[in-house]
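Numbering-wise (the working numbering), the sequence shown opens with residue 86 and increments by one. All C-beta atoms, glycine included, are put in the ideal place defined by N, C-alpha and C. The structure under discussion appears below in the form of structure tokens.
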Amino acid sequence: MKQILSWLMSALLTFSCWNFMPSVTSVAIAATDCSGTVIFEDSFDEDPLKLGNSSLTHWDVEKAIADLQGQDEPKNPNQNGYNLYGYYGLGHYLDLSGGGISTINTKKTFILTPGTYQLSFEIGGSPGYISRYAVEVGNIFHEDFLVDGDDRIFSTISRQIKVDTDTNAWLSFINSGPNGTYGPILNKVSFNKLPDSSICPPPNQSNLCCDATSVEPEVIFKETFDQEPLKITVNNLANWKVGSLKVSANGGFIDVIGQKEDGAPLYDYYGPGTYIDLSGGGISTISTKEKFTLTPGIYELSFEMGGTPKSYLSTYTVQLGDVFDEKFIADGQKEEFVTVKRQIKVEKETNAWLSFINYGPNATYGPILNQVSLSKIATCNGGEVEKENLVENGSFEEPELEGFYSFEESIPGWEKVQGYAIEINKRPITAPKDGSQVVELDSYSTTKIAQDITTEVGKTYTLSFAFKANPNASENKLNVYWGDTVVANLNKTATETEWQTYTYDNLKATSTTTTLSFDNLDEISDSAGTYIDAVSVLEN
Numbered sequence: 086m087k088q089i090l091s092w093l094m095s096a097l098l099t100f101s102c103w104n105f106m107p108s109v110t111s112v113a114i115a116a117t118d119c120s121g122t123v124i125f126e127d128s129f130d131e132d133p134l135k136l137g138n139s140s141l142t143h144w145d146v147e148k149a150i151a152d153l154q155g156q157d158e159p160k161n162p163n164q165n166g167y168n169l170y171g172y173y174g175l176g177h178y179l180d181l182s183g184g185g186i187s188t189i190n191t192k193k194t195f196i197l198t199p200g201t202y203q204l205s206f207e208i209g210g211s212p213g214y215i216s217r218y219a220v221e222v223g224n225i226f227h228e229d230f231l232v233d234g235d236d237r238i239f240s241t242i243s244r245q246i247k248v249d250t251d252t253n254a255w256l257s258f259i260n261s262g263p264n265g266t267y268g269p270i271l272n273k274v275s276f277n278k279l280p281d282s283s284i285c286p287p288p289n290q291s292n293l294c295c296d297a298t299s300v301e302p303e304v305i306f307k308e309t310f311d312q313e314p315l316k317i318t319v320n321n322l323a324n325w326k327v328g329s330l331k332v333s334a335n336g337g338f339i340d341v342i343g344q345k346e347d348g349a350p351l352y353d354y355y356g357p358g359t360y361i362d363l364s365g366g367g368i369s370t371i372s373t374k375e376k377f378t379l380t381p382g383i384y385e386l387s388f389e390m391g392g393t394p395k396s397y398l399s400t401y402t403v404q405l406g407d408v409f410d411e412k413f414i415a416d417g418q419k420e421e422f423v424t425v426k427r428q429i430k431v432e433k434e435t436n437a438w439l440s441f442i443n444y445g446p447n448a449t450y451g452p453i454l455n456q457v458s459l460s461k462i463a464t465c466n467g468g469e470v471e472k473e474n475l476v477e478n479g480s481f482e483e484p485e486l487e488g489f490y491s492f493e494e495s496i497p498g499w500e501k502v503q504g505y506a507i508e509i510n511k512r513p514i515t516a517p518k519d520g521s522q523v524v525e526l527d528s529y530s531t532t533k534i535a536q537d538i539t540t541e542v543g544k545t546y547t548l549s550f551a552f553k554a555n556p557n558a559s560e561n562k563l564n565v566y567w568g569d570t571v572v573a574n575l576n577k578t579a580t581e582t583e584w585q586t587y588t589y590d591n592l593k594a595t596s597t598t599t600t601l602s603f604d605n606l607d608e609i610s611d612s613a614g615t616y617i618d619a620v621s622v623l624e625n
């Protein structure tokens, strides 16, 4: 964690969008599996690791060649598997700049009938390089993306695509450079046809549709910024609080810019209207003054975002309380606003602010925000009944951090058993599995944390948690206990930085209180430790 703070002002992360638009007429939507019918899948594992590929099992490579990179499984425990630029750990993945800027097209032509399809893929960048690429499905879908390699994590991109008439289409990934040697790195491509009339959240939120009814959108919040006067270095807005990054020496100011009908323009990059530059004399954040009460259902968040024209790339995060947290890139080279839409599933009543958090790197020219709205588009009818999670604060969302990390003697639900403190991290230190915060088990020393769970003698329980490696740690061990019983002794290498969820069934209770604990006490104490998140215990 300590080493990664220096990365803050230059980090850029690709973004994903989920833009399926449901009908506003009243339609009953049954609970269903949203994976649908598989049209195409490829994880590139069928192709051997090799530089300079002009053809792959399922893809034609055009314009240049592509590199099949990665790391094979070891053949025995005492050896490492074959590694060919395995930036992202085990598995095979494709660099689209393998001696040139290349395009790949599926060899198979898909026959698409009317309906809604979901395209999903993982993307990363070559470390140290920013790349542009586009994705196409025939002539029915095209979108341009940016990806940054400094994060060294794959991001999952998911799109829902509506097909109105029978059509034939290839799937294409088009590298736009600028680097012909180190480009976007592609993994785990899937293309599915979804069940009819379904409203399905993105894969990182839920695998099931709720039993829902789409409704006339109910506007929760809407902002055009038109009531604000044009002015430089503003520290307060009518509907927003203006703040700064805790690790930044400046910030807390934004610029209200644009062009009013009855006045002179002020940096009117995007023509008539009023919009907000989040780098108004510092790298700043804005959060709604109002805290919204969100009842179960599906919400649509929409906003327009641009970069400062001609020369600036900016990163920013959008958060809606604990139910949504995503990082984006604003590209000033487009010289136009891009409309971003997300559909967010809320499973239980919650209160949330809406926040836009600028990460820079430029403190004068930043992401430019316009036309923000939040609406409820579907009401959940209780089709999915969730069991109660017996773990308090299982995703470590309390206390809510103002900065990016904190050292605590105890937090709601959890006690420090051994070590210096309970260390809580959030973006941009690391990306959580659930919510916006995680626990790192090495706050200047190895750590053990525990929570007493109310149980019933003789009953069995299912434990689930997410675990990933810290890339800055020499060891990443995790020991898990259910009372005095060892549930697991896990170990990851520094390259295994993707979240993996572990589930253990039939843990039997022998008393009315069972202590659940996690530690990394048997590893080297180096101030960089194992990450855990999304802990749950459910009664069987």
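According to DSSP, what are the bridge partners of V457?
E308
Is there a Cβ of chain D sitting closer than 9 Å to that of G328, yes or no?
Among the chains of the structure shown, chain D does not appear; only one protein chain is present.
If you draw a straight line from the alpha carbon of A323 to that of Y444, how long is it in whole angstroms?
23 Å
As assigned by DSSP and simplified to three states, the class of G268
coil
Mind checking whether G366 and D340 have CB atoms under 9 Å apart?
yes
Within 10 angstroms of the Cβ of D569, are there 16 or more other Cβ atoms? Answer buried if so, exposed if not.
exposed
Can you pull the DSSP bridge partners for D233?
I215
Let me know if S495 comes out buried or exposed under the rule of 16 or more other beta-carbons within 10 Å of its beta-carbon.
exposed
Considering Q536, what are the terminal residues of the beta strand (DSSP E) in which it resides?
533 to 539
Option in K193, V232, P212, S211 with minimal Cα separation from I223:
Here residue 223 is Gly; the residue named in the question, Ile, does not match the sequence. Looking at the Cα atoms, K193 is the closest of the given residues.
Please state if the CB of V123 and the CB of S275 are separated by a distance shorter than 9 Å.
yes
Within the continuous beta strand (DSSP E) that includes H177, where are the two ends?
176 to 180
Taking the alpha-carbon of L475 as reference, which of G185, I242, T600 has the nearest alpha-carbon?
T600
For D340, which beta-bridge partners are listed by DSSP?
D362
Please report the distance separating the alpha-carbon of Q522 from that of D249.
41 Å
Nearest candidate by alpha-carbon position, reference Y173, set S329, Q245, K593, K553:
K553
Assign G137 to one of three DSSP states: helix, strand, or coil.
strand
Residues that DSSP places opposite W567 in a beta bridge
T570, L601
Using a Cβ-Cβ cut-off of 7 Å (strictly less than) and excluding sequence neighbours within five positions of V85, which residues of its own chain qualify?
This structure cannot speak to residue 85, because the chain is shown only from 86 to 625.
Quick check: the Cα distance between Q156 and D311, rounded to an integer number of angstroms?
53 Å
Does the Cβ of V109 have 16 or more other Cβ atoms within 10 Å, making it buried, or fewer, making it exposed?
Confidence in V109 is poor, its pLDDT being 25 and thus under 50, which makes the residue's placement unreliable; the coordinate value appears in the next sentence. The residue in question, V109, is exposed, as its Cβ has fewer than 16 Cβ neighbours within 10 Å.
In the DSSP assignment, what are the bridge partners of V327?
I371
Going by DSSP, what residue range makes up the beta strand (DSSP E) through K430?
423 to 431
Whose C-beta lies closer than 6 Å to the C-beta of L175 among residues of the same chain, with five residues either side of it excluded?
Q156
Limits of the unbroken beta strand (DSSP E) element including N510:
507 to 511
Is G356 helix, strand or coil by DSSP?
coil
CA-to-CA distance, I414 to I238, given in whole angstroms
16 Å
Pull up the distance between the alpha-carbon of G356 and that of T532, whole angstroms please.
55 Å
In the DSSP output, what is I414 paired with across the bridge?
T400
Exposed or buried, which one is D590 when buried takes at least 16 other CB atoms within 10 Å?
exposed
Counted within 10 angstroms of its Cβ, other Cβ atoms place I114 as buried (16 or more) or exposed:
Only weak support is given to the placement of I114: the predicted model assigns it a pLDDT of 28, under 50, and the value that follows is read from those uncertain coordinates. With 16 or more other Cβ atoms within 10 Å, it is buried.
Residue environment, P263, which counts as buried when at least 16 other CB atoms sit within 10 Å:
exposed
Nearest-angstrom Cα distance between I284 and E434?
For I284, the pLDDT reaches just 47, beneath the cut-off of 50, and the residue's location in the model is therefore unreliable, although a value from the coordinates is still provided. Their backbone Cα atoms lie some 19 Å apart in a straight line.
Nearest residue (CA-CA) to I186, options Y170, H227, P269:
P269
Leaving out the 5 sequence neighbours to the left and right, which residues in its chain are closer than 7 Å to E308 when beta-carbon positions are compared?
N324, V457
Helix, strand or coil at K193 according to DSSP, with G and I counted as helix:
coil
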